[in-house]
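First up is the structure itself, then whatever we jot down about it.
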Amino acid sequence: MNSKLIANGILRAVGIILAILLVLFFLYKIQSVIVYIAIAAVVSLIGKPIVRFLRRKLKFNNTLAVVVTMLFLVGFLVGLIGMFIPLITEQGHNLSLLNIDQLQTNIEDLYINLTHYFSVNHIDVEQSLKESKLLSKLDLALIPNFLNSVLSGFGNFSIGLMSVLFISFFFLKDSSLFQNGIMAFIPQKNETATKKVISKISDLLSRYFIGLIFQILIIFVIYTIGLLIVGVDNAVVIAFLCALLNLIPYVGPLIGAILMLTLTLTSNLGATFNDVVVNKVIGVVIVLAIGQLIDNFVSQPIIFSKSVKSHPLEIFLVIIIAGILFG
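Residue numbers (numbering that gives the first Met the number 0): 0 to 326.
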């Protein structure tokens, strides 16, 4: 009897493990679909206030409100893509018209100026580069591989975009669709409480993502004004791209800073050392510092305190503690 119970227990355990493995394998195979659904859920949360506004204030019916919202979001996406075309075109134009001999002269002048600066401060640049072995770690073969990956991924991006838009439309049209999918796995006795929790979470997430949009807008305005004052070409596009990257925790602002400085330098390849480094680069660094200070100590605490209904001091302390714990 005991051996039979043990055998049944082993079989049951093996069956459960196999079922879990099959489920995990299934989820792995459809991971792209899961990503589409997750992105569509975020898009629907962002579009939810717009649909609500169109229905309540302008008296649109539900379908028309959803269609107008989707057109607005698609138009916004197309506008974003269109913003980056002039930047890419200008960077390519600058590189195509580049005088290699003049560039070599400028680089040599830049090297002499930098070497002189560091020698005054008793810093051996060549020895530092040799010790770091930085140049030996650069693999230029990655560049064509990266370009091939970008081109091959364009088709997947198009399919993914259409899938996200399609799913988002029905999430917005039937706001309870996502909720009903979750409720299918909830016991009947817990349905009422679960619906209340899902409703509160949905409203909270919607306010949170709207807060992110306001955060992007504020840092975008700061960067745009600063870059225009400094005299950087394509200031609006660069500011918006860096504002988007600012949403990535910790590394986002750093990536944005590197990108902003790189685009500033590549837009002024023919300029002198003093014009670029002393004036524009230092100006860009000041703009970045001001933007980050305002974002971290003013806009984030106020915006997210309104979004999640918390006190600004709580949000400020959370930001500081997270920065200490995670870098």
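A virtual CB, placed ideally from N, CA and C, is assigned to each residue, including glycine.
(message) Quick check for students: name the residue ranges of the alpha helix (DSSP H) that lie wholly in the stretch 173–210, counting only runs of 4 or more.
(response) 176–182
(request) With distances taken Cα to Cα, identify the nearest neighbour of residue 298 among 174, 213, 59, 286. (result) 213
(message) By alpha-carbon positions, which one of 228, 167, 173, 218 ends up nearest to residue 278?
(response) 228
(request) Mark residue 81 as exposed unless 16 or more other C-beta atoms lie within 10 angstroms of its C-beta, in which case mark it buried. (result) exposed
(request) Answer yes or no: do residue 302 and residue 225 have a C-beta to C-beta separation smaller than 8 Å? (result) no
(message) Give me, in chain order, the residues of the same chain whose beta-carbon lies closer than 7 Å to that of residue 223; leave out the 5 immediate sequence neighbours on both sides.
(response) 234, 235, 238
(message) Closest to residue 160 by C-alpha separation, out of 13, 73, 205, 208, would be which residue?
(response) 73
(message) So for residue 294, helix, strand or coil by DSSP?
(response) helix
(message) If distances are taken between C-alpha atoms only, which option among 166, 286, 171, 203 comes closest to residue 218?
(response) 286
(request) Indicate whether residue 35 and residue 166 have their beta-carbon atoms separated by less than 8 Å. (result) yes
(request) Check residue 231 in the structure and name its three-state DSSP category. (result) coil
(message) For a quick check, are the C-beta atoms of residue 65 and residue 172 less than 8 Å apart?
(response) yes
(request) Please classify residue 246: does DSSP put it in a helix, a strand, or coil? (result) coil
(request) Report back the beta-carbon spacing between residue 330 and residue 215 to the nearest angstrom; my notes put them in contact at under 8 Å. (result) No answer is possible for residue 330: it lies beyond the span of the chain, which begins at 0 and ends at 326.
(request) Taking 8 Å as the cut-off, decide whether the C-beta atoms of residue 208 and residue 50 are in contact. (result) no
(message) Would residue 67 and residue 76 qualify as a contact pair, given that the criterion is a beta-carbon distance under 8 Å?
(response) no
(message) residue 258 and residue 283 - do their beta-carbons sit closer together than 8 Å?
(response) no
(request) Could you spell out the range, first to last residue, of the alpha helix (DSSP H) harbouring residue 47? (result) 30–55
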